[in-house]
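Visitor:
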Amino acid sequence: MNERSEPEIRNAIRRIVGERVDDVPLDDSASLLATTNLDSLGIITLLVAIEEQFNVDIDVLTIDPESLLSISGLTRHLSALAESNGG
Amino acid sequence: MLVIADALINVLARHSPSDTAVETGEQQTSYEQLLDLTLAIREQITRCPAGSAPVVVADDPGAGACATIAAAQTLGRAYVPLSANHPATRIRQILDAVEPAVIVQSDRTAARMADVLPARYPLLTISQQLGNLSWARSPEPAESCVSQIGSDIAYVMFTSGTTGRPKGVPVKAKSLTAYLDVATKRFGVRPGDRASHFFELTFDLSVHDIFVTLLGGGTLVVIPAEQRLLPGRFIREKEISHWFSVPSAADSLHRVGALRPGVFPHLRQTLFCGEPLRWPVAEAWQAAAPHSRIVNLYGPTEATIAISEYVLPRDGSRSNGLYGIVPIGQVFEGQRGGVFSEPDAGAQPNRGELWLSGSQVISGYLDPRDGPKAFAADPDGSTWYRTGDVVERDGDGLFHFVGRVDHQLKISGYRVEPAEIEDAIHRAFPDCRSVVVRCDRGKRLGLVAAIVRAGGDGPAASDIREACATSLPAYMIPAHVVELVSWPVNANGKIDRAAVRRQLEDEIAADVVAGQGAVS
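Protein chains in written order, with my numbering: chain A, -10 to 76; chain B, 132 to 651.
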């Protein structure tokens, strides 16, 4: 994964999410499943797109699945991955 | 053969009292506690005078719901599950249809249900600490009501209907007994086993979770709602030995690359049911769970949980693969399945609509106006249920799912009648005509509503989704709404649903006119 700061990661995720949801204001901390038109299939394709664009593996067997449902949770997770890769 | 009325409670008493019956998060309920709770709920239910009227379970999955269901069974009363996540309109439609003797809720769901449940029904609340029961509303009903549901019914499930309201499927105790007789022998659990409780109570596959696990003396492990989408961590951390879910759950794990070899070492049995299981997903699951046998089950709610099975070969062969889908196999012994096709249709003789008959098959809907054509009388006096599923029977006698005779869709295993969604949209926006399809490729996946409006400004996608949310459960709300200028039509001038779907999947711009026909 390229070196990116947390705000950059957050913006990139917001952009990927924004391409997939109806034109609604995005709340970073809210569940995308509950507050946008993304359904379960939409969330899965979003995760796959994020994995491809960031070139990372999101290991759903070890992280809390709930944290994958919000922009904040995804940002936290990808920032941690960037840090461990960078260090 | 098992006899369900009274059997479950006796069986609960025979299991080791200190073994865990139900595990929800950190909370563990032993068989002794579950039995005590069942007896306490039963005693309270008997205070409601309404004859054999059903018991409504307005609770999330867990020990309280299990005890309520067991209590209802021992009193010879049907249970009817309600989801606190469903909209008020739908909940009231169901209550009007069943006229229950009592509604049993928990303090987890009470707040969500407070403004929804009509005051005329007695309402019993189970506290989080379990065992603590209190009447939120008097056991004496405000007005006398007569339920048409008799003591021969074990449960009533409501599925999507084509008439614009949910369709009640009453399943008799004898049908449940017939299913459990097969299931406990073939897919049974034993003390020490840890079985998943994946399904919501409003989905009939939850009946399997609860009865098969508790009859066998295993531990029923409730999956938290937020982990259903990607249940891999749950399976590992909870050391689940018996897994049962819709194939979507496996499909999701497969898509994100989580089904790595050996990641589910504790699994010994996996059951899938509710929608087509794709071979690549089944094979990845087998690699992830090398010690598990995998069984693909099939069965509409009308045929009691599941009525056919296909056990996947352990040698990795898929000689029976048709269309990349795992076969639905053969119907259980004692039940009958037949392929019926129109004689003049020129179709292959081994391909047609699957009809089912036998002790597991219901004889009619709660409201006879629902699907009068769904049942056919056999000259021998038995009833056939026309599933609407198109199947092909191969040379080995195995059934393969091919498609539908009608427009019914499946979303995560839930049956969805597009007509019910289209009706909800039309009621909110009379100037809009809509067609709801399921897209499997392209940018818009899942349920998509295409709309064409007669004139003026059309509603925004969010308006349509909000309108649907007032009467439909979440899985029936279209993920996407696309406005078309006009409908593609077939040779008869009718809306061509397949062409609508192809337009949406091919990502043709919403305002491009494909076809010149008018709305039929």
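No residue lacks a Cβ here, since even glycine has one placed at the ideal position from N, Cα and C.
For Ile2 of chain A, which residues of its own chain have a beta-carbon under 8 Å away from its beta-carbon, when the five flanking residues on both sides are left out?
Guide: Stepping through the first sequence from its first residue, residue 2 of chain A is reached at position 13. These residues qualify, in order along the chain: Ile39, Ile60, Leu63, Thr64, Leu67.
Visitor: Using three-state DSSP, classify Ser265 of chain B as helix, strand or coil.
Guide: Walking along the second sequence from the start, residue 265 of chain B turns up at place 134. In the three-state scheme derived from DSSP, where H, G and I count as helix and E and B as strand, Ser265 of chain B is classed as strand.
Visitor: Express the C-alpha separation of Glu473 of chain B and Leu428 of chain B in angstroms, rounding to a whole number.
Guide: Translated into positions along the second sequence, residue 428 of chain B becomes position 297. Translated into positions along the second sequence, residue 473 of chain B becomes position 342. If I take the Cα positions, the gap works out to 27 Å.
Visitor: May I ask which residues mark the beginning and end of the beta strand (DSSP E) holding Asp520 of chain B?
Guide: Position 389 of the second sequence, counted from the start, is the residue given in the question as residue 520 of chain B. Here the beta strand (DSSP E) through Asp520 of chain B covers 514 to 524.
Visitor: Could you tell me the alpha carbon to alpha carbon distance between Ser593 of chain B and Leu578 of chain B, rounded to whole angstroms?
Guide: Counting from 1 along the second sequence, the entry for residue 593 of chain B is found at position 462. Counting from 1 along the second sequence, the entry for residue 578 of chain B is found at position 447. Spanning the two alpha carbons is a distance of roughly 14 Å.
Visitor: Measuring alpha carbon to alpha carbon, tell me which of B:Thr220, B:Ser214, B:Leu390 ends up nearest Ala241 of chain B.
Guide: For the purposes of this step, residue 241 of chain B is taken as the residue at position 110 of the second sequence. Checked all of B:Thr220, B:Ser214, B:Leu390; the closest Cα to Ala241 of chain B is B:Ser214.
Visitor: Three-state secondary structure (DSSP) at Gly648 of chain B?
Guide: Taking the second sequence and counting its residues from 1, the one referred to as residue 648 of chain B is at position 517. Any answer about Gly648 of chain B is weak, because its pLDDT of 27 lies below 50 and its placement is not dependable; what the coordinates show is given next. Coil, per DSSP.
Visitor: Check whether the Cβ atoms of Ser183 of chain B and Arg208 of chain B sit closer than 8 Å, and answer yes or no.
Guide: For this step, residue 183 of chain B is matched to residue 52 along the second sequence. For this step, residue 208 of chain B is matched to residue 77 along the second sequence. Yes, they are a contact pair.
Visitor: For Cys179 of chain B, does the three-state DSSP call read helix, strand or coil?
Guide: One-based indexing of the second sequence puts residue 179 of chain B at position 48. Coil at Cys179 of chain B, not helix or strand.
Visitor: Please identify, using Cβ separations under 8 Å, the residues of the stretch 24 to 55 of chain A that lie next to chain D, in order along the chain.
Guide: The chain labelled as chain D is not found among the protein chains of the depicted structure, namely A and B.
Visitor: Below 8 Å between beta carbons: does that hold for Thr344 of chain B and Val320 of chain B?
Guide: Your numbering for residue 344 of chain B matches position 213 in the second sequence. Your numbering for residue 320 of chain B matches position 189 in the second sequence. Yes, they are a contact pair.
Visitor: Strictly below 7 Å CB to CB, what residues from chain B border Val13 of chain A?
Guide: In the first sequence, the residue the question calls residue 13 of chain A occupies position 24. The answer, in chain order, is Ser593.
Visitor: Compute the beta-carbon to beta-carbon distance between Gln580 of chain B and Ile556 of chain B, rounded to the nearest angstrom, for a pair I have assumed lies under 8 Å.
Guide: The count along the second sequence starts at 1 and reaches residue 580 of chain B at position 449. The count along the second sequence starts at 1 and reaches residue 556 of chain B at position 425. Note that residue 580 of chain B corresponds to Ala in the displayed sequence, not to Gln. Contact holds; Cβ gap of about 7 Å.
Visitor: I want to know whether the stretch 350 to 358 of chain B touches the stretch 36 to 51 of chain A - three or more CB-CB distances under 8 Å.
Guide: Remark: fewer than three beta-carbon pairs, one from each stretch, lie closer than 8 Å, so the stretch 350 to 358 of chain B and the stretch 36 to 51 of chain A are not flagged as touching.
Visitor: What is the DSSP secondary structure of Cys563 of chain B, reduced to helix, strand or coil?
Guide: Within the second sequence, residue 563 of chain B is the residue found at index 432, counting from 1. Of the three classes helix, strand and coil, the one that applies to Cys563 of chain B here is strand, per DSSP.
Visitor: Excluding the 5 residues flanking Pro148 of chain B on each side, which residues of the same chain have their C-beta closer than 7 Å to its C-beta?
Guide: Here the question's residue 148 of chain B lines up with position 17 in the second sequence. Cβ neighbours of Pro148 of chain B beyond the five flanking positions: Ser161, Tyr162, Glu163.
Visitor: Kindly list, in the order they appear in chain A, the residues whose Cβ is closer than 7 Å to that of Ser543 of chain B.
Guide: The count along the second sequence starts at 1 and reaches residue 543 of chain B at position 412. Ser29, listed in chain order.
Visitor: Please classify Arg325 of chain B: does DSSP put it in a helix, a strand, or coil?
Guide: Residue numbering aside, residue 325 of chain B sits at position 194 when the second sequence is read from its first letter. Three-state result, Arg325 of chain B: strand.
Visitor: Using a beta-carbon distance below 8 Å, is Ser652 of chain B in contact with chain A?
Guide: Chain B is shown only over 132 to 651; residue 652 of chain B falls outside these bounds and no answer can be derived.
Visitor: Figure out for me which residue from B:Gly447, B:Leu603, B:Leu390, B:Leu497 has the closest Cα to the Cα of Ile284 of chain B.
Guide: Numbered from 1 along the second sequence, position 153 holds the residue referred to as residue 284 of chain B. Considering only alpha carbons, the answer is B:Leu497.
Visitor: For a test of the three-state rule: what should DSSP assign to Thr333 of chain B, helix, strand or coil?
Guide: By one-based count along the second sequence, residue 333 of chain B stands at place 202. The DSSP-derived three-state label of Thr333 of chain B is coil.
Visitor: Would you identify the three-state DSSP class for Met132 of chain B, choosing helix, strand or coil?
Guide: Indexing the second sequence from 1 puts residue 132 of chain B at position 1. Low local confidence applies: a pLDDT of 41 at Met132 of chain B is under 50, so the model's placement there is unreliable, with the coordinate-based value given in what follows. Coil at Met132 of chain B, not helix or strand.
Visitor: What separation, rounded to the nearest whole angstrom, lies between the Cα atoms of Asp527 of chain B and Ala381 of chain B?
Guide: Here residue 527 of chain B refers to the residue found at position 396 of the second sequence. Here residue 381 of chain B refers to the residue found at position 250 of the second sequence. Taking the straight line from one Cα to the other gives about 27 Å.
Visitor: On the DSSP letters alone, give me the boundaries of the beta strand (DSSP E) that Pro301 of chain B sits inside.
Guide: Within the second sequence, numbered from 1, the residue matching residue 301 of chain B stands at position 170. That run of the beta strand (DSSP E) goes 298 to 303.
Visitor: Please report the Cβ distance between Val612 of chain B and Ile626 of chain B, rounded to the nearest whole angstrom; I am assuming they are in contact, meaning their Cβ atoms lie under 8 Å.
Guide: For the purposes of this step, residue 612 of chain B is identified with residue 481 of the second sequence, where counting begins at 1. For the purposes of this step, residue 626 of chain B is identified with residue 495 of the second sequence, where counting begins at 1. About 17 Å separates the two Cβ atoms, so there is no contact after all.
Visitor: Is there at least one Cβ from chain B nearer than 8 Å to Gly76 of chain A's Cβ?
Guide: As a position in the first sequence, residue 76 of chain A is number 87, starting the count at 1. Low confidence applies here, because Gly76 of chain A scores a pLDDT of 46, under 50, leaving its location unreliable and the question unanswered by this model.
Visitor: For the alpha helix (DSSP H) holding Thr24 of chain A, just list the boundary residues, first then last.
Guide: Reading the first sequence from its first residue, position 35 is the one you call residue 24 of chain A. Residues 21 to 24.
Visitor: Quick one: Cα of Ser337 of chain B to Cα of Ala203 of chain B, how far?
Guide: On the second sequence, residue 337 of chain B is found 206 positions in, with the first residue counted as 1. On the second sequence, residue 203 of chain B is found 72 positions in, with the first residue counted as 1. Ser337 of chain B and Ala203 of chain B have their C-alpha atoms roughly 16 Å apart.
Visitor: Less than 8 Å between the beta carbons of Val49 of chain A and Gly363 of chain B, yes or no?
Guide: As a first step, residue 49 of chain A must be located in the first sequence, where it is residue number 60. As a first step, residue 363 of chain B must be located in the second sequence, where it is residue number 232. A contact, by the Cβ cut-off of 8 Å.
Visitor: Identify, in the order they occur along the chain, each residue of the same chain with its Cβ nearer than 7 Å to the Cβ of Asp509 of chain B, setting aside the five sequence neighbours on each side.
Guide: The residue given as residue 509 of chain B occupies position 378 in the second sequence. Apart from the 5 residues on each side of it in sequence, Asp509 of chain B sits with its Cβ closer than 7 Å to the Cβ of Ser488, Trp515 in its chain, given in chain order.
Visitor: Give the straight-line distance between the Cα atoms of Ser565 of chain B and Pro549 of chain B, rounded to the nearest whole angstrom.
Guide: Here residue 565 of chain B corresponds to residue number 434 of the second sequence, with the count starting at 1. Here residue 549 of chain B corresponds to residue number 418 of the second sequence, with the count starting at 1. Ser565 of chain B and Pro549 of chain B: Cα-Cα distance of roughly 9 Å.
Visitor: Going by C-alpha distance, which of A:Leu58, A:Ile32, A:Ile47 is nearest Ala69 of chain A?
Guide: As a first step, residue 69 of chain A is located in the first sequence; it is residue number 80 there, counting from the start. Of A:Leu58, A:Ile32, A:Ile47, the residue nearest in Cα terms is A:Ile47.
Visitor: Can you pull the chain A residues whose beta carbon is under 8 Å from the beta carbon of Gln417 of chain B, in chain order?
Guide: On the second sequence, residue 417 of chain B is found 286 positions in, with the first residue counted as 1. Those do not exist, as Gln417 of chain B stays about 17 Å from chain A at its closest Cβ, beyond 8 Å.
Visitor: By Cβ distance, which residues of its chain are closer than 6 Å to Ser265 of chain B, with the 5 residues on each side in sequence left out?
Guide: If you number the second sequence from 1, residue 265 of chain B lands on position 134. Here the set comprises Thr256.
Visitor: Using CA coordinates, which residue listed in B:Leu615, B:Ala610, B:Arg243 is at the minimum distance from Asp12 of chain A?
Guide: Residue mapping note: residue 12 of chain A aligns to position 23 of the first sequence, counting from 1. Answer by Cα proximity: B:Ala610.
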